[in-house]
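Protein chains: 2
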Amino acid sequence: MAIRFRGPLYIIGVLLLPLAAAMVVAAAVDFHANNPDWKAFIYSAAITIFAGAALMLTTRGGPIELGTREAFVLTTMSWTVISIFAALPFLLSDAQLHMADAIFESVSGLTTTGSTVLTGLDTRPPGILLWRALLQWIGGIGIIVMAIALLPFLRIGGMQLFQTESSERSEKVLPRAADIAIASGRIYASLTVFCAVAYLAAGMSPFDAVCHALTTLSTGGFSTSDASMAKFSPVAHWFAIIFMVAAGLPFVRYIQALRGDPAPLWRDPQVRLFLRFAALVIVLVSLEHWWEFGGSPERALREVAFSVVSVMTTTGFINSDYNAWGGFSQVLFLMLTFFGACSGSTSGGIKMFRFHIMGRAFSNRVSLLIYPHAIRPFTYGGRTVSEEDINSVLAFWATYVATVAAVAIALAAFGLDFETAVTGAATAVSNVGPGLGPIIGPVGHFAGLPDSTKWVLALAMLLGRLELFTVLVLLLPRFWRD
Amino acid sequence: MAIRFRGPLYIIGVLLLPLAAAMVVAAAVDFHANNPDWKAFIYSAAITIFAGAALMLTTRGGPIELGTREAFVLTTMSWTVISIFAALPFLLSDAQLHMADAIFESVSGLTTTGSTVLTGLDTRPPGILLWRALLQWIGGIGIIVMAIALLPFLRIGGMQLFQTESSERSEKVLPRAADIAIASGRIYASLTVFCAVAYLAAGMSPFDAVCHALTTLSTGGFSTSDASMAKFSPVAHWFAIIFMVAAGLPFVRYIQALRGDPAPLWRDPQVRLFLRFAALVIVLVSLEHWWEFGGSPERALREVAFSVVSVMTTTGFINSDYNAWGGFSQVLFLMLTFFGACSGSTSGGIKMFRFHIMGRAFSNRVSLLIYPHAIRPFTYGGRTVSEEDINSVLAFWATYVATVAAVAIALAAFGLDFETAVTGAATAVSNVGPGLGPIIGPVGHFAGLPDSTKWVLALAMLLGRLELFTVLVLLLPRFWRD
Chain Y
1 MAIRFRGPLY
11 IIGVLLLPLA
21 AAMVVAAAVD
31 FHANNPDWKA
41 FIYSAAITIF
51 AGAALMLTTR
61 GGPIELGTRE
71 AFVLTTMSWT
81 VISIFAALPF
91 LLSDAQLHMA
101 DAIFESVSGL
111 TTTGSTVLTG
121 LDTRPPGILL
131 WRALLQWIGG
141 IGIIVMAIAL
151 LPFLRIGGMQ
161 LFQTESSERS
171 EKVLPRAADI
181 AIASGRIYAS
191 LTVFCAVAYL
201 AAGMSPFDAV
211 CHALTTLSTG
221 GFSTSDASMA
231 KFSPVAHWFA
241 IIFMVAAGLP
251 FVRYIQALRG
261 DPAPLWRDPQ
271 VRLFLRFAAL
281 VIVLVSLEHW
291 WEFGGSPERA
301 LREVAFSVVS
311 VMTTTGFINS
321 DYNAWGGFSQ
331 VLFLMLTFFG
341 ACSGSTSGGI
351 KMFRFHIMGR
361 AFSNRVSLLI
371 YPHAIRPFTY
381 GGRTVSEEDI
391 NSVLAFWATY
401 VATVAAVAIA
411 LAAFGLDFET
421 AVTGAATAVS
431 NVGPGLGPII
441 GPVGHFAGLP
451 DSTKWVLALA
461 MLLGRLELFT
471 VLVLLLPRFW
481 RD
Chain L
1001 MAIRFRGPLY
1011 IIGVLLLPLA
1021 AAMVVAAAVD
1031 FHANNPDWKA
1041 FIYSAAITIF
1051 AGAALMLTTR
1061 GGPIELGTRE
1071 AFVLTTMSWT
1081 VISIFAALPF
1091 LLSDAQLHMA
1101 DAIFESVSGL
1111 TTTGSTVLTG
1121 LDTRPPGILL
1131 WRALLQWIGG
1141 IGIIVMAIAL
1151 LPFLRIGGMQ
1161 LFQTESSERS
1171 EKVLPRAADI
1181 AIASGRIYAS
1191 LTVFCAVAYL
1201 AAGMSPFDAV
1211 CHALTTLSTG
1221 GFSTSDASMA
1231 KFSPVAHWFA
1241 IIFMVAAGLP
1251 FVRYIQALRG
1261 DPAPLWRDPQ
1271 VRLFLRFAAL
1281 VIVLVSLEHW
1291 WEFGGSPERA
1301 LREVAFSVVS
1311 VMTTTGFINS
1321 DYNAWGGFSQ
1331 VLFLMLTFFG
1341 ACSGSTSGGI
1351 KMFRFHIMGR
1361 AFSNRVSLLI
1371 YPHAIRPFTY
1381 GGRTVSEEDI
1391 NSVLAFWATY
1401 VATVAAVAIA
1411 LAAFGLDFET
1421 AVTGAATAVS
1431 NVGPGLGPII
1441 GPVGHFAGLP
1451 DSTKWVLALA
1461 MLLGRLELFT
1471 VLVLLLPRFW
1481 RD
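Protein sequence lines, in the order shown, are assigned to chains Y and L.
For the first sequence, my numbering gives the first residue as 1, with consecutive numbering after it.
For the second sequence, my numbering gives the first residue as 1001, with consecutive numbering after it.
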């Protein structure tokens, strides 16, 4: 059967409308600030609404049926199309980015990566700064919904383990995935409000507080300052650490907790592994950092905890230049770039549940060497993990590393040096934000890179955000055969 | 049942005797050259013979029974013990290495890695140079025997796919693994002689020709000059390319070819993938190299082909400084470090058959996303690949990358910079030899590294050489339980 594009196109049309609404919000802010950019946002909104309405009108009629293949097409196509429309304000506003920069910034926003080509942020008009923050916040919603309602059913990289969660009696949260998505969205919005209030209390301006709250809960990492969070107070850093961790936990667990059952949150193997691993790394690196650089213990702990949590949750905020902490930190932060936090959150990377499964699979594999017939099945979150599930996770990991390698080779072929190419590839596929080295490191930015590499990086961010296989399946000739 | 150490210890005793014989050969060369080091080799040989004889005498009596666990103990223990005795000449001779350097050099030799802490090679006495070459040659024999007779039966990282090869009717080579090992050893020795003659014809001195032939066929890469093969003629480089490729092919296929059936050699999926992939990389990089640096096409092709083959077969000879070719080459050569050539040869790394299986598994996995019930079994070398086999290979790959990451973190923790730590870890685990960057790159060496990192690197070389799982299984508490 031919792929029915009507459904995906209609849904993309619908999705363009909230994007246009966000443009109107940015326009209002710039209008209020007497900044001429408000027109750029209104033009962008008009184009986006027109396109969305046109898509909806030309594809309406009859119920929408989404099969597996339509779901794959919808996923990649919606992120691509929305990224293109989201780039309009960067093209039309005073920022006057050219095409490669505009698309890079928009993709970096929607995928909640946080790499930026915009400099001089501190003196930019509020509209464009809010727009970047809104992009990440909207992207974050999209990721949570996708991770809860779509990817488990598409069986992406072992995510089938989260498939029946909502229908299992013991784990019953809400009857349907759509309801879970809506409830998650509410929690996401509420946490964003709490975060903004906390930042305000920590001395940030209302505008900075809102923008950073939007990019904290989405683990995005865009800032309103070239200095990122280093511009703000230590108290703000501690709040950021708390809310970045909160944003890295599975949102489904919050729903259960709000319904009076917080136990699943603490019992969740992803949450336990993430918190334990992050705590271990933070303690070790803080001690090393304090021993090497001295200063107050609070500062060492804060700088390390902030940086580790920022990279592990794939947020990408900076409060100190960990690139300058020496070779050990550089290698460690490159590794941390791959980890990610929990599935079902806005964080990118390989994610904790896959490391959990890989650890168990490794231990099984080693046991099998001595006891060839002693297959020891294990469970994950109450569900038996099949050889097939393990295979999915291992194939995801292999494909992940291969993708980073391929992106690094492409970046180097377009002229980037060794460290920039390798860490740029890792940070893009994992949707973290900063890389290492003098160019794209914590105190650098992506503005000076050749355009060709920006296209490669934008593609890498989308690939990573959509968990690779969602995009790669489209390259299969058989996918398109009737 | 308790692990019976008697068998492994007896066999290690036996294995020490040829090592002592090699020491006597080096002694004879130094005696002939009127170099006082001959005494160091004789002392070393005496200690080694004494230890070997003592081991044999104290463990003799009754037939030797090797179960699976004894085979694992034997493998790791024999490589470790032999490395320690092989370090004696480095400690006792004029080279006067201290413990960390001596063990590093001996492990680098026996694992056919080729990283070196010895400098000023061009003026060193012949005994120590020959000793290094002999170590690699002996190590090479050990690897081929291990890969044919042992690892497939221990089911290491998917090597069970080569398990029944010798007993399958269509692939019948020789009745027993031991016979295959002996026949492979003969071919290995013959190819070494051919290689030495070729080097001699290319203008190398008889001593250089022999030493380099020993380290070519073992894909080891120790040289008699600080400049490595750059010291010799272009013709020698071409011969080296041919013999490095020959050393990277599965030796079992040579046996079949010699028996009048060369078809399996060309039909072997490992051979095809290796030759095609190497050719593709060589053509692309040669063109890029010629376009960027100019010069004669022969020179561009020779430098690139030599470097690519040297790294892919994990030999590690140098004929030009590819570290200076720019970011693209650096990233590419880091990736190539992981590949390795064919299983059943002396090359290290992940090896071609695993990439083959991973490629098929990936393609299957992507297909499964659209057709969830359409499992498409595939064969490898005439044998059906089970989910279990795929799982072994993927787990090997995941463990490989995790091991390199862990080694890189350890190296960086002991003070190495980012590039040296990452590429040093990769080159050690893959048994290649040179890393990247100014310290351990193609024109550098490992002499100046802190001792702590040399121990880490020596461990990494052994881990990689023994295909990780052979060693890691010993860390399992259950392994040691009766």
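Beta carbons are placed, not taken as given, at the ideal position from N, Cα and C, and that holds for glycine.
Because the structure is a prediction, the values reported are computed rather than measured.
Enumerate in chain order the residues of its own chain whose CB-to-CB distance from Tyr1188 of chain L is below 7 Å, with the five nearest sequence positions on each side excluded.
Position 188 of the second sequence holds residue 1188 of chain L. Gly1140, Ile1141, Ile1144, Leu1217 and Phe1251, listed in sequence order.
To be precise: take each residue of the segment 307-341 of chain Y, compare its Cβ to all Cβ atoms of chain L, and keep it if any distance is under 7 Å. Which residues remain?
Listed by position, the residues of the segment 307-341 of chain Y near chain L (Cβ gap below 7 Å) are Gly327, Phe328, Gln330, Val331, Leu332 and Met335.
State the DSSP-derived secondary structure class of Asp1385 of chain L, mapped to helix, strand or coil.
Reading the second sequence from its first residue, position 385 is the one you call residue 1385 of chain L. One detail in the question is off: residue 1385 of chain L reads as Val in this sequence, not Asp. Of the three classes helix, strand and coil, the one that applies to Val1385 of chain L here is strand, per DSSP.
Please report the residue range of the alpha helix (DSSP H) in which Tyr1010 of chain L lies.
Within the second sequence, the letter at position 10 stands for residue 1010 of chain L. Looking at the DSSP string, the run of the alpha helix (DSSP H) that includes Tyr1010 of chain L is Arg1006 to His1032.
If I follow the unbroken alpha helix (DSSP H) through Thr313 of chain Y, where does it start and stop?
In the first sequence, residue 313 of chain Y corresponds to position 313, counting from 1. No alpha helix (DSSP H) holds Thr313 of chain Y; DSSP gives it neither H nor E.
Looking at the structure shown, is Tyr371 of chain Y part of a helix, part of a strand, or coil, going by DSSP?
The sequence position of residue 371 of chain Y within the first sequence is 371, counting from 1. Three-state DSSP puts Tyr371 of chain Y in coil, outside helix and strand.
Using the DSSP secondary-structure output, state which residues sit across from Phe1239 of chain L in a beta bridge.
Here residue 1239 of chain L is taken as the residue at index 239 of the second sequence, counted from 1. The partner list for Phe1239 of chain L (beta bridge, DSSP) is empty, contrary to what the question assumes.
Would you mind giving the Cβ-Cβ distance between Val14 of chain Y and Met56 of chain Y, rounded to the nearest angstrom? I have them listed as a contact below 8 Å.
Position 14 of the first sequence holds residue 14 of chain Y. Position 56 of the first sequence holds residue 56 of chain Y. Sure, about 6 Å apart at Cβ, within 8 Å.
If we call anything under 7 Å between Cβ atoms a contact, is Asp110 of chain Y one with Leu150 of chain Y?
The sequence position of residue 110 of chain Y within the first sequence is 110, counting from 1. The sequence position of residue 150 of chain Y within the first sequence is 150, counting from 1. Sequence check: residue 110 of chain Y is Leu here, not Asp. Contact: no.
The alpha helix (DSSP H) with Tyr1322 of chain L in it runs from where to where?
Here residue 1322 of chain L is taken as the residue at index 322 of the second sequence, counted from 1. No alpha helix (DSSP H) holds Tyr1322 of chain L; DSSP gives it neither H nor E.
If you draw a straight line from the C-alpha of Trp1480 of chain L to the C-alpha of Ser367 of chain Y, how long is it?
The count along the second sequence starts at 1 and reaches residue 1480 of chain L at position 480. The count along the first sequence starts at 1 and reaches residue 367 of chain Y at position 367. When rounded, the distance between both Cα atoms is 12 Å.
Are the C-beta atoms of Ile1003 of chain L and some chain Y residue less than 7 Å apart?
Taking the first residue of the second sequence as 1, we reach residue 1003 of chain L at position 3. Taking Cβ atoms only, chain Y never reaches closer than 7 Å to Ile1003 of chain L, which makes this a no.
Say whether the segment 455-466 of chain Y touches the segment 356-372 of chain Y, bearing in mind that this needs 3 or more beta-carbon pairs closer than 8 Å, one atom from each stretch.
These segments do not touch.
Sorted by chain position, which residues of the same chain lie with C-beta nearer than 8 Å to Ala2 of chain Y's C-beta, five sequence neighbours on each side aside?
Here the question's residue 2 of chain Y lines up with position 2 in the first sequence. Cβ neighbours of Ala2 of chain Y beyond the five flanking positions: Asp482.
Just the C-alpha distance for Asp30 of chain Y and Ala45 of chain Y, rounded to the nearest angstrom, thanks.
Counted from its first residue, the first sequence places residue 30 of chain Y at position 30. Counted from its first residue, the first sequence places residue 45 of chain Y at position 45. Using only the alpha carbons, I get a separation of about 14 Å.
Nearest-angstrom Cα distance between Gly1437 of chain L and Asp1037 of chain L?
Here residue 1437 of chain L refers to the residue found at position 437 when the second sequence is read from its first residue. Here residue 1037 of chain L refers to the residue found at position 37 when the second sequence is read from its first residue. Gly1437 of chain L and Asp1037 of chain L: Cα-Cα distance of roughly 34 Å.
Under a Cβ-count criterion, where at least 16 other Cβ atoms within 10 Å of its own Cβ denotes burial, should Tyr1371 of chain L be classed as buried or exposed?
Indexing the second sequence from 1 puts residue 1371 of chain L at position 371. Looking at its Cβ environment, which holds fewer than 16 other Cβ atoms inside 10 Å, Tyr1371 of chain L is exposed.
Since I believe Ser1392 of chain L is in contact with Thr1314 of chain L (beta carbons under 8 Å), could you give me their beta-carbon distance rounded to a whole number of angstroms?
On the second sequence, residue 1314 of chain L is found 314 positions in, with the first residue counted as 1. On the second sequence, residue 1392 of chain L is found 392 positions in, with the first residue counted as 1. Not really, about 21 Å apart at Cβ, beyond 8 Å.
Give me the Cα-Cα distance between Arg124 of chain Y and Ile47 of chain Y, rounded to the nearest whole angstrom.
Looking up residue 124 of chain Y in the first sequence gives position 124. Looking up residue 47 of chain Y in the first sequence gives position 47. Cα to Cα, Arg124 of chain Y sits roughly 24 Å from Ile47 of chain Y.
Name the residue from L:Lys1039, L:Val1407, L:Thr1075 and L:Phe1378 whose alpha carbon lies nearest to the alpha carbon of Pro1008 of chain L.
The residue you call residue 1008 of chain L lines up with position 8 of the second sequence. Answer by Cα proximity: L:Thr1075.
So, is the C-beta of Trp397 of chain Y closer than 7 Å to a C-beta in chain L?
For the purposes of this step, residue 397 of chain Y is taken as the residue at position 397 of the first sequence. Cβ-Cβ to chain L under 7 Å: yes for Trp397 of chain Y.
Could you tell me whether any Cβ in chain Y is nearer than 7 Å to the Cβ of Pro1008 of chain L?
Your numbering for residue 1008 of chain L matches position 8 in the second sequence. No, Pro1008 of chain L lies away from the interface with chain Y (no Cβ there is under 7 Å from its Cβ).
Following the continuous beta strand (DSSP E) through Phe1162 of chain L, name the residue where it begins and the one where it ends.
For this step, residue 1162 of chain L is matched to residue 162 along the second sequence. Where Phe1162 of chain L is concerned, there is no enclosing beta strand (DSSP E), given that its DSSP letter is neither H nor E.
Apart from the five residues on each side of it in sequence, which residues of its chain come closer than 6 Å, Cβ to Cβ, to Ala1202 of chain L?
For this step, residue 1202 of chain L is matched to residue 202 along the second sequence. So the qualifying residues of the chain are Ser1233, Val1235, Ala1236 and Phe1239.
Taking only beta-carbon positions, decide if Arg365 of chain Y is within less than 7 Å of chain L.
For the purposes of this step, residue 365 of chain Y is taken as the residue at position 365 of the first sequence. So, interface residue.
Can you tell me whether Gly1052 of chain L is buried or exposed? The criterion is at least 16 other CB atoms within 10 Å of its CB, across all chains shown.
One-based indexing of the second sequence puts residue 1052 of chain L at position 52. Looking at its Cβ environment, which holds 16 or more other Cβ atoms inside 10 Å, Gly1052 of chain L is buried.
In whole angstroms, what is the alpha-carbon distance linking Ser1190 of chain L and Glu1070 of chain L?
The count along the second sequence starts at 1 and reaches residue 1190 of chain L at position 190. The count along the second sequence starts at 1 and reaches residue 1070 of chain L at position 70. For Ser1190 of chain L and Glu1070 of chain L, the distance between alpha carbons rounds to 33 Å.
Just to check my reading of the structure: Val308 of chain Y and Leu336 of chain Y have Cβ atoms closer than 8 Å, yes? What is that Cβ distance to the nearest angstrom?
Here residue 308 of chain Y is taken as the residue at index 308 of the first sequence, counted from 1. Here residue 336 of chain Y is taken as the residue at index 336 of the first sequence, counted from 1. Correct: roughly 7 Å between the Cβ atoms.
Among Y:Phe328, Y:Gly327, Y:Ser83 and Y:Ile350, whose alpha-carbon lies nearest the alpha-carbon of Phe338 of chain Y?
Counted from its first residue, the first sequence places residue 338 of chain Y at position 338. Taking only the C-alpha atoms, the option nearest Phe338 of chain Y is Y:Ile350.
With C-beta atoms as the reference, is Ser1115 of chain L less than 7 Å away from Phe1446 of chain L?
The sequence position of residue 1115 of chain L within the second sequence is 115, counting from 1. The sequence position of residue 1446 of chain L within the second sequence is 446, counting from 1. In this structure, Phe1446 of chain L lies closer than 7 Å to Ser1115 of chain L by Cβ.
If you compare alpha carbons, which of L:Phe1328, L:Asp1101, L:Val1407 and L:Glu1388 is closest to Ala408 of chain Y?
Counted from its first residue, the first sequence places residue 408 of chain Y at position 408. Comparing Cα-Cα distances from Ala408 of chain Y to each of L:Phe1328, L:Asp1101, L:Val1407 and L:Glu1388, the minimum goes to L:Phe1328.
Quick one, which of L:Leu1092, L:Gly1424, L:Met1312 and L:Thr1059 has its alpha-carbon nearest Ser1343 of chain L's?
If you number the second sequence from 1, residue 1343 of chain L lands on position 343. Among L:Leu1092, L:Gly1424, L:Met1312 and L:Thr1059, the Cα nearest to that of Ser1343 of chain L is on L:Met1312.
Examine the ligand ADP and report whether any of its heavy atoms sits within less than 6 Å of the Cβ of Ser392 of chain Y.
The ligand content of the structure shown is nil, which means the ligand ADP is not present either.
Determine, using beta carbons only, whether Ile1103 of chain L and Thr1470 of chain L come nearer to each other than 7 Å.
Here residue 1103 of chain L is taken as the residue at index 103 of the second sequence, counted from 1. Here residue 1470 of chain L is taken as the residue at index 470 of the second sequence, counted from 1. No, the Cβ-Cβ distance between Ile1103 of chain L and Thr1470 of chain L is not below 7 Å.
Write down every uninterrupted run of the alpha helix (DSSP H) in the segment 392-452 of chain Y whose length is 4 residues or greater and which is fully enclosed by it, in chain order.
Runs of the alpha helix (DSSP H) inside the segment 392-452 of chain Y: 418-429 and 437-440.
How would you list, in chain order, the residues of chain Y whose beta-carbon sits under 7 Å from the beta-carbon of Val1401 of chain L?
On the second sequence, residue 1401 of chain L is found 401 positions in, with the first residue counted as 1. Val401, listed in chain order.
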